[in-house]
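Enquirer: Position 264 (the sequence shown) corresponds to 271 in my numbering; numbering is contiguous.
Please read through the structure below; I'll follow up with questions.
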Amino acid sequence: ALTDQLYTDYPEDSGAKKQMQAWRRHNKPELKVFVSGGVSSNQANGDDTNPLLGNNNTAIDGYLYSSPIHKNFRVFTHEGWRTGLFKDSEGGRGYLRTYGAGLEYAKDAALATAEVHYDNFRSEAVGVDLGLDYQLNDQWQLFTRLSSLDNNISLRALSAIDERTQEGIVKAKSAKLGASFRVSESRFFRASAGYTRFSNDNDRLVLDTTYFERWYSGPIYKFGTYLNMAYSTNSHPNQGFYFNPKQDAIASITLANDWLTYRHYETDFHQRLALTIGEYWQQDFDINTVGNIEYEHRWRLGPDIELSYGGGRSYRYYDNALTESWQGYLTADIRF
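Right, here's the structure in full:
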């Protein structure tokens, strides 16, 4: 009501126009789409202890949000599809279909979500995902995630089948807690701890930290770095259904370059080039150099459409065997 009154009283004021435009955008339905895919080549491992990743993988997720209900609530639907090609001995092509519905609540410093989802893979199951982001002040933010059926685990795990029953073997529950500290627009720190309980009695703990620094911020070109360190451990390693080493860790640095290439009123186009290099350690194996290079286009087409797409080349090691991947992705955020 206050925004409407301000715009009615001062229709030519640029601030009132921007406020009204933001309010109208806020009240529109929203569609978010995430698409990714790629191909991988897995170097042969002499011991064959963890034949890892599938190739020809594809993932599509779409979220459709309603207009706000009583200002603070939105209902949403979610549909997803993932597929990847594995060895015949591991079930051949794996897949995951997801159908979900949920509720989002946003007010002041809090954003909470709850989703009930039905997942169809080697078996059928229903899970609940909960999320909360809370802005304590201008610098500190806390976030947490809970899932009674985590469908973000390895597709290879979801594709594992019991030869006797022909049903899925592996499911998982997960919890995550983290915090971020923003010193300024050019510097922040983030840390999180995640726990996953797999149905084959494996407990996984993941610790992750990130430090971001923007070293140069001009009107056209921006340059920043991400320093990342992560560690994970599994209580029942090397069971064969998915990659679960006893312990592993990675330290990497990403050099991120961003160019504003085109701008006209409410339309702008950015190009981004990011190079990552790091060292990866896995218990009982060598320390290996890993990395990737990524190129991205990012568009803002007026106040209601944001579009990003890009691709990259990555190099990772699993059980001392090199995996080389080409990956592409597209994301869209549309108000209508």
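Heads up, the beta-carbon is just placed ideally off N, CA and C, and yes, glycines get one too.
Using 10 angstroms around the beta-carbon of N57, count the other beta-carbons present and answer buried if the total reaches 16, otherwise exposed.
Expert: Locating residue 57 in the sequence shown gives position 50, counting from the first residue. Residue placement at N57 is flagged as unreliable, the pLDDT there being 45, under the threshold of 50; a coordinate-derived value is accordingly withheld.
Enquirer: For A119 and L139, which I take to be in contact (beta-carbon distance under 8 Å), what is that distance rounded to the nearest angstrom?
Expert: Taking the first residue of the sequence shown as position 1, residue 119 is located at position 112. Taking the first residue of the sequence shown as position 1, residue 139 is located at position 132. About 5 Å; that satisfies the 8 Å criterion.
Enquirer: List the endpoints of the continuous beta strand (DSSP E) containing Q142.
Expert: As a position in the sequence shown, residue 142 is number 135, starting the count at 1. Counting along the chain, the beta strand (DSSP E) containing Q142 begins and ends at 131-142.
Enquirer: Given Y70, which residues of its chain have a CB within under 7 Å of its CB, disregarding the five upstream and five downstream residues?
Expert: Position 63 of the sequence shown, counting from 1, holds the residue named residue 70. Only K39, F83, H85 meet the Cβ criterion.
Enquirer: Exposed or buried, which one is D255 when buried takes at least 16 other CB atoms within 10 Å?
Expert: Here residue 255 refers to the residue found at position 248 when the sequence shown is read from its first residue. D255 is buried by the Cβ-count criterion.
Enquirer: Can you grab the Cα-Cα spacing for the pair H271 / L153, in whole Å?
Expert: Taking the first residue of the sequence shown as position 1, residue 271 is located at position 264. Taking the first residue of the sequence shown as position 1, residue 153 is located at position 146. In a straight line, the C-alpha of H271 is about 42 Å away from that of L153.
Enquirer: DSSP state of S181, grouped into three classes?
Expert: Counted from its first residue, the sequence shown places residue 181 at position 174. Looking at S181 - three-state DSSP - the assignment turns out to be strand.
Enquirer: Could you check how far apart the C-beta atoms of E122 and G107 are, in whole angstroms? I think they sit under 8 Å.
Expert: Your numbering for residue 122 matches position 115 in the sequence shown. Your numbering for residue 107 matches position 100 in the sequence shown. Yes, E122 and G107 are in contact; Cβ-Cβ is about 5 Å, under 8 Å.
Enquirer: When you measure from the CB of L103 to every non-hydrogen atom of the ligand PLP, does any distance come out below 7 Å?
Expert: This structure simply doesn't include the ligand PLP, nor any ligand for that matter.
Enquirer: In the DSSP assignment, find the alpha helix (DSSP H) that holds S21 and state where it starts and stops.
Expert: The count along the sequence shown starts at 1 and reaches residue 21 at position 14. Unbroken alpha helix (DSSP H) run through S21: 21-33.
Enquirer: Can you tell me which of the three DSSP states L92 falls into?
Expert: Position 85 of the sequence shown, counted from the first residue, corresponds to residue 92. The answer is strand: DSSP assigns L92 an E or B state.
Enquirer: Ordered along the chain, which non-local residues of its own chain (more than five positions away) have a Cβ less than 6 Å from that of S47?
Expert: Within the sequence shown, numbered from 1, the residue matching residue 47 stands at position 40. So the qualifying residues of the chain are L60, N62, T330, S332.
Enquirer: Ignore the nearest five residues each way along the sequence and tell me which others in T261's own chain have a CB closer than 6 Å to its CB.
Expert: Working through the sequence shown from its first residue, we reach residue 261 at position 254. Y233, A281, T283.
Enquirer: Check this for me: beta carbons of T105 and N158, under 8 Å apart or not?
Expert: Taking the sequence shown and counting its residues from 1, one reaches residue 105 at position 98. Taking the sequence shown and counting its residues from 1, one reaches residue 158 at position 151. Contact flag set, yes.
Enquirer: Determine the extent of the beta strand (DSSP E) in which A167 is found, giving its start and end residues.
Expert: The residue you call residue 167 lines up with position 160 of the sequence shown. Element bounds for A167: n/a, residue is neither H nor E.
Enquirer: Cα-Cα, which of R305, N327, L165 is closest to G317?
Expert: Counting from 1 along the sequence shown, the entry for residue 317 is found at position 310. It is R305 whose Cα lies nearest to the Cα of G317.
Enquirer: Are the stretch 179-191 and the stretch 224-232 in contact at 8 Å, needing three or more beta carbon pairs?
Expert: The answer is no - the stretch 224-232 does not touch the stretch 179-191, with fewer than three Cβ pairs under 8 Å.
Enquirer: Return no unless some Cβ of chain B is closer than 8 Å to the Cβ of P18.
Expert: Absent from the structure is chain B; it holds one protein chain and no more.
Enquirer: Give the straight-line distance between the Cα atoms of K114 and E273, rounded to the nearest whole angstrom.
Expert: Taking the first residue of the sequence shown as 1, we reach residue 114 at position 107. Taking the first residue of the sequence shown as 1, we reach residue 273 at position 266. K114 and E273: Cα-Cα distance of roughly 27 Å.
Enquirer: How many whole angstroms separate the CB atoms of F93 and S161, which I take to be in contact at a CB cut-off of 8 Å?
Expert: Walking along the sequence shown from the start, residue 93 turns up at place 86. Walking along the sequence shown from the start, residue 161 turns up at place 154. So it is not a contact: roughly 10 Å between Cβ atoms.
Enquirer: Pull up the distance between the alpha-carbon of G99 and that of T90, whole angstroms please.
Expert: The sequence position of residue 99 within the sequence shown is 92, counting from 1. The sequence position of residue 90 within the sequence shown is 83, counting from 1. If you take the alpha carbons of G99 and T90, they lie about 11 Å apart.
Enquirer: Can you name the start and end residues of the beta strand (DSSP E) that L156 belongs to?
Expert: Indexing the sequence shown from 1 puts residue 156 at position 149. Element bounds for L156: n/a, residue is neither H nor E.
Enquirer: Just to confirm the assignment, what range does the beta strand (DSSP E) spanning A339 have?
Expert: On the sequence shown, position 332 is the one that residue 339 refers to. Per DSSP, A339 belongs to the beta strand (DSSP E) from 328-342.
Enquirer: Could you tell me the distance, in whole angstroms, from the CA atom of Y269 to the CA atom of T338?
Expert: If you number the sequence shown from 1, residue 269 lands on position 262. If you number the sequence shown from 1, residue 338 lands on position 331. Going by the C-alpha atoms only, they are around 20 Å apart.
Enquirer: Quick one, are the C-beta atoms of F248 and I300 less than 8 Å apart?
Expert: On the sequence shown, position 241 is the one that residue 248 refers to. On the sequence shown, position 293 is the one that residue 300 refers to. Contact flag unset, no.
Enquirer: Distance check for Y228 and G134, CA to CA, integer angstroms please.
Expert: One-based indexing of the sequence shown puts residue 134 at position 127. One-based indexing of the sequence shown puts residue 228 at position 221. For G134 and Y228, the distance between alpha carbons rounds to 44 Å.
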